[in-house]
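Here is the structure we will look at.
Chains as they are written, first to last, in the numbering used here: chain A, 1 to 274; chain B, 1 to 265.
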């Protein structure tokens, strides 16, 4: 009943408006792509030094790490938690949220659409140049195709679900602003922990086993570690299928929790600034 | 149409101290106090009225408006608008009202005004035919022809407020809440807005509640004012009643200032 009141068309219209807005930031995208490219190279060399100085075989091959690094750079906007939407923060902190509340929309869904479209438009501007250049690099550094077509398919599926999952996680950062009155603290906390547990600092297969167990119990790795390792061929199809179900489970849980928490925050909402 | 009874709203406000020692102690033992934005506000508004909701800064005008538009929950008291309680069934309720906060913007900053309008059309599920009619009417009266294709950030304040008001009326609400719609506007823009408010009240029978500090707004638009101060209703009635007790050569501005001092608000 509650869903019928807010029609899907308004969310779609909002999605396209946001995409249109997001695609305006071309210069930022070019700068971002170049930064990611340099950052990617730096990581490649660091890991090369690591692999060359170690005689024992590592649980993941250098070529596979290279795949993960390039995909991370290309789809950065899909999974970094510090990629933030200042509109929502200012809305809460300056009281413009008043306008959002006097519209016939569900705030959670509306913000969800806003956040997902911002990440989509940002990634779509950045990923192509990075992927293209990375594909034409000389041998050990180049981006290859995944081992099979099936891997490719599961990569796309888990990548998309990973994006949805990340947005549900990031929603908690925005909701926390109702309580903390500052975006910096929770942003930092989420970003540091989230990125570590997503395997963005050390790839998950290179972590000690006990740490891997913790990582597997948290939602963060399901945003980017899973799809990229499927692409690199490090995760097989059976595990990919299991991961999809875990992704769906996390999404469901976090959406329900997020909606409840937002509902609660709105009851005590203070509209700042008169 | 609008029934407000013994409305009360209090906020928790944290106290911050200046010295380092105090700020450390307040980190562990935060001190706060209740601030009473509204103590006891009651009034009744009939369909088709224009109400001037006035009072000094901090009297609780915006808070009342936010409760009536379903944004804030009151601490106690009742408020019924068109038979509905605003903060319950918020979504169903806000479909039927229009709100303008003069100091904030509801339009999307980086895209042309028309894009914002189209999105609002989808949000409020306004049918194509009705939308075109209502847009044509608004464009005509508010003279928006040249503004529609401009991004909001390029508009002047007066132009933006016109677009804000148009945006809040696209779905043809029967009640319009205006929170300081003429703040910061020049004389021409003010007069245009006033004329517009009169016209939609007359022709479309829209009930209008506006807060303002500009007493010319009141003189031009309405006979009935509700005066609040320190969170209480102090006066509700005809402006001329307020004037009667004072010498006639005083401007309405001076009269209101005197009223404020007399009520010690």
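All residues carry an ideal CB built from backbone N, CA and C; glycine is no exception.
Since the structure is predicted, the reported quantities are computational estimates derived from the model, not experimental observations.
Kindly give me the distance between the Cβ atoms of residue 107 of chain A and residue 253 of chain A, rounded to whole angstroms, as I take these residues to be in contact under 8 Å.
As a working note, residue 107 of chain A is residue 107 in the first chain. As a working note, residue 253 of chain A is residue 253 in the first chain. So it is not a contact: roughly 19 Å between Cβ atoms.
By the criterion of Cβ-Cβ separation under 7 Å, what are the contact partners of residue 98 of chain A in chain B?
For the purposes of this step, residue 98 of chain A is taken as the residue at position 98 of the first chain. Simply 66, 71, 101, 104.
Residues near residue 265 of chain A by beta carbon distance below 8 Å, same chain, minus five either side
The residue given as residue 265 of chain A occupies position 265 in the first chain. The answer, listed in chain order, is 175, 178, 179.
Unbroken beta strand (DSSP E) runs of length 3 or more, entirely within the stretch 78-117 of chain B: which are they?
97-101
Residue 284 of chain A versus chain B: which residues are under 8 Å apart at the beta carbon?
This structure cannot speak to residue 284 of chain A, because chain A is shown only from 1 to 274.
Counting only beta-carbon atoms, is residue 15 of chain B nearer than 7 Å to chain A?
The residue given as residue 15 of chain B occupies position 15 in the second chain. Chain A contact via Cβ: absent.
Quick check: residue 123 of chain B and residue 10 of chain A, are their CB atoms within less than 7 Å of each other?
Your numbering for residue 123 of chain B matches position 123 in the second chain. Your numbering for residue 10 of chain A matches position 10 in the first chain. Result yes, Cβ atoms of residue 123 of chain B and residue 10 of chain A sit closer than 7 Å.
Beta-carbon of residue 10 of chain A versus every beta-carbon of chain B: anything under 7 Å?
The residue given as residue 10 of chain A occupies position 10 in the first chain. Cβ-Cβ to chain B under 7 Å: yes for residue 10 of chain A.
Inter-stretch contact (C-beta, 8 Å, three-pair minimum) for the stretch 96-106 of chain B and the stretch 170-185 of chain B
yes
So with Cβ pairs under 7 Å, would you call residue 217 of chain B a contact of chain A?
Taking the second chain and counting its residues from 1, one reaches residue 217 of chain B at position 217. Chain A contact via Cβ: absent.
Would a check of beta-carbon distances place residue 95 of chain B closer than 7 Å to chain A?
Counted from its first residue, the second chain places residue 95 of chain B at position 95. So yes, residue 95 of chain B belongs to the interface.
With a 10 Å radius around its C-beta and 16 neighbouring C-beta atoms as the bar for buried, classify residue 18 of chain A as buried or exposed.
As a position in the first chain, residue 18 of chain A is number 18, starting the count at 1. It counts as buried.
Please classify residue 86 of chain B as buried or exposed, where buried requires at least 16 other C-beta atoms within 10 Å of its C-beta.
As a working note, residue 86 of chain B is residue 86 in the second chain. Under this definition residue 86 of chain B is a buried residue.
Could you say which of B:63, B:259, B:170, B:213 lies nearest to residue 126 of chain B if we only look at CA atoms?
Numbered from its first residue, the second chain carries residue 126 of chain B at position 126. Comparing Cα positions, the closest option is B:170.
Buried versus exposed, by CB contacts within 10 Å (16 or more), residue 190 of chain B
Against the second chain, residue 190 of chain B aligns to sequence position 190. Classification of residue 190 of chain B: buried, given that the 10 Å Cβ count is 16 or more.
Can you check whether the C-beta of residue 130 of chain B is within less than 7 Å of a C-beta belonging to chain A?
Here residue 130 of chain B refers to the residue found at position 130 of the second chain. Not one chain A Cβ lies under 7 Å of residue 130 of chain B.
Reducing DSSP to helix, strand and coil, say where residue 144 of chain A ends up.
In the first chain, residue 144 of chain A corresponds to position 144, counting from 1. The answer is coil: DSSP assigns residue 144 of chain A none of H, G, I, E or B.
Within chain D, partners of residue 13 of chain A - CB distance below 9 Å
Absent here is chain D; the protein component of the structure consists of chains A and B.
What residue from A:73, A:204, A:23 has the CA that sits closest to residue 235 of chain A's CA?
Taking the first chain and counting its residues from 1, one reaches residue 235 of chain A at position 235. Of A:73, A:204, A:23, the residue nearest in Cα terms is A:204.
Based on the DSSP output, what are the partners of residue 31 of chain B in its beta bridges?
As a first step, residue 31 of chain B is located in the second chain; it is residue number 31 there, counting from the start. The partner list for residue 31 of chain B (beta bridge, DSSP) reads B:15.
Would you verify that the beta carbon of residue 206 of chain A is, or is not, closer than 7 Å to some beta carbon of chain B?
Sequence index remark: in the first chain, residue 206 of chain A carries index 206 (1-based). Not closer than 7 Å to any Cβ of chain B, the Cβ of residue 206 of chain A fails to qualify, so no.
For residue 183 of chain B, would you say it is in contact with chain A, using Cβ-to-Cβ distances shorter than 7 Å as the test?
What you label residue 183 of chain B is simply residue 183 of the second chain in a count that begins at 1. Judged by the 7 Å Cβ criterion, residue 183 of chain B is not in contact with chain A.
Contact set between residue 111 of chain B and chain A, taken where Cβ atoms lie within less than 7 Å:
Indexing the second chain from 1 puts residue 111 of chain B at position 111. Ordered by position in chain A, the residues that pass the 7 Å Cβ test against residue 111 of chain B are 17, 20, 21.
Return the CA-CA distance between residue 156 of chain B and residue 197 of chain B, expressed in angstroms with no decimal places.
Taking the second chain and counting its residues from 1, one reaches residue 156 of chain B at position 156. Taking the second chain and counting its residues from 1, one reaches residue 197 of chain B at position 197. If I take the Cα positions, the gap works out to 20 Å.
Beta carbon proximity, residue 175 of chain B to chain A, threshold 7 Å
Your numbering for residue 175 of chain B matches position 175 in the second chain. It does not: the Cβ of residue 175 of chain B has no partner Cβ on chain A nearer than 7 Å.
I want to verify the contact list: residues of chain B whose CB lies under 7 Å from the CB of residue 267 of chain A, in sequence order.
Within the first chain, residue 267 of chain A is the residue found at index 267, counting from 1. Under the 7 Å cutoff, chain B gives 73.
Can you give, in chain order, each stretch of the beta strand (DSSP E) that sits fully within the stretch 131-188 of chain B and has at least 3 residues?
175-179
Indicate whether at least one CB of chain B lies closer than 7 Å to the CB of residue 101 of chain A.
Position 101 of the first chain, counted from the first residue, corresponds to residue 101 of chain A. So yes, residue 101 of chain A belongs to the interface.
Looking at the secondary structure, which residues open and close the beta strand (DSSP E) in which residue 238 of chain B lies?
Within the second chain, numbered from 1, the residue matching residue 238 of chain B stands at position 238. Looking at the DSSP string, the run of the beta strand (DSSP E) that includes residue 238 of chain B is 232-238.
With residue 113 of chain A and residue 15 of chain A assumed to form a contact (beta carbons below 8 Å), what rounded beta-carbon distance in angstroms separates them?
Counting from 1 along the first chain, the entry for residue 113 of chain A is found at position 113. Counting from 1 along the first chain, the entry for residue 15 of chain A is found at position 15. Contact holds; Cβ gap of about 5 Å.
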